[in-house]
Amino acid sequence: MTNRIQALLGIQYPVVQAPMTYIARAELAAAVSQAGGLGVIETLTPEGRADLRRVRELTDKPVAANLMIQGWKKDPSIVDTLAEAGVRHVFTSAGDPALFTKPLHDAGMTVVHVVGSLKGARKAADAGVDALVVEGVEGGGFKSLLGASTMVLLPLVAENVDLPIIAAGGICDARSAAASVVLGAEGVQMGTRMLASQESAVHTNFKDAIVAANDAGTVLLDVPGNPTMRVLRTGLATRIAAHDSDSQLLGKITELYFGGDMEASVANTGQVSCRIVDLPPVAEIIRRTWGDIDAVLAAARARV
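Residue 160 in our numbering sits at position 160 of the sequence shown, with consecutive numbering throughout.
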């Protein structure tokens, strides 16, 4: 049997790789899709846009693209770029979903919009999107200081908006995926867990820092003039959080991601890092995340 997310996206497992800028490239996305999930390629960088085509050399399975609306709202030609690359599914985020939903639909694409509030979910539904990613504030990257956790936000949206939902924020295994299903989701999206995998191209130092993180291992940085971000509590992030005026927020992020210099910038990472203890291949991550849900739910029933 398939649920609405599996049917909509044409995938075996409703497990989606988050569209991490610089990181969500062809090799990682292809590995996820080959394993039966849905890989997603970022489009903010020229390398990401080139990978929309290059990924087809690596897999013939469905692969989605991310469209950050704030970054593209003045350039609707991105829709043509996606169409020319044969993209069928687009995950929109960071902006008004009404700007791109109709053009994407007209080009024959499904649209999944990322939301962090009930207000945002209702706005996306009114815009006609096909599904939602509901992401709690514990997720990595750009966040709202006023955002609710997945435990609160997911059932709230599920009770009030009649769209298929993919849960995000705090998910790394079958236990957290099972909780998401109980709370109203039909699929899950994972960023930090996919980041800490064999196929992820980021430097070993970044992966090892995720594995080493404890439950206080991330921090929300709210620096005037910059978006609020959840990042690893590295030395630089700690100094910024302590209002060190000499520290710059973003720094040289690619030197951190791919050069392994953990002081070069801040590392976008979710709170779930404290539950990640290994660096397996994505096929194993996907299989044990969705495939073991029945066993997790059976064990839960035994405790009731």
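Using N, Cα and C, we set each Cβ at its ideal position, and we do this for glycine too.
Note that the coordinates shown come from a computational prediction; the quantities given were computed from them, not determined experimentally.
Query                                                                                                                                                               : Result
Report the residue from Arg233, Leu221 and Ala241 whose alpha carbon sits nearest the alpha carbon of Met212.                                                       : According to the sequence provided, residue 212 is Ala. The question's Met does not apply to it. Out of Arg233, Leu221 and Ala241, Arg233 has the C-alpha closest to the C-alpha of Ala212.
Taking C-beta to C-beta, are Leu118 and Val111 nearer than 7 Å?                                                                                                     : no
Sort out for me which residues DSSP pairs Ala131 with in a bridge.                                                                                                  : Val112
Figure out for me which residue from Lys102, Gly136 and Gly147 has the closest Cα to the Cα of Gly128.                                                              : Lys102
Quick check on this structure: which residue in Tyr257, Asp222, Gly260 and Glu255 has the alpha carbon closest to the alpha carbon of Leu242?                       : The sequence as given places Ala at residue 242; Leu does not occur at that position. For the residues Tyr257, Asp222, Gly260 and Glu255, the minimum Cα distance to Ala242 belongs to Asp222.
Please list, in chain order, all residues of the same chain as Pro62 whose beta carbon is under 8 Å from its beta carbon, the five residues on each side excluded.  : Leu9, Gly10, Ile11, Ser33, Leu38, Arg88 and His89
Going by Cα to Cα distance, which pick from Tyr13, Arg230 and Gly136 is closest to Gly170?                                                                          : Gly136
Pair every Cβ in the stretch 199-216 with every Cβ in the stretch 173-191, then say whether three or more of these pairs are closer than 8 Å.                       : no
Within this structure, are the beta carbons of Glu199 and Glu57 separated by less than 7 Å?                                                                         : no
Can you tell which of Ala283, Leu67 and Ser93 has its C-alpha closest to the C-alpha of Met194?                                                                     : Ala283
Report the residue from Val15, Ile41, Ala83 and Ser93 whose alpha carbon sits nearest the alpha carbon of Lys143.                                                   : Ser93
Assuming Ala174 contacts Arg288 (C-beta within less than 8 Å), just tell me the rounded distance between them.                                                      : 6 Å
When DSSP labels each residue in this structure, what does Leu236 get in the three-state scheme?                                                                    : helix
Go ahead and label Leu52 buried or exposed: buried means 16 or more other beta carbons lie within 10 angstroms of its beta carbon, across all protein chains shown. : buried
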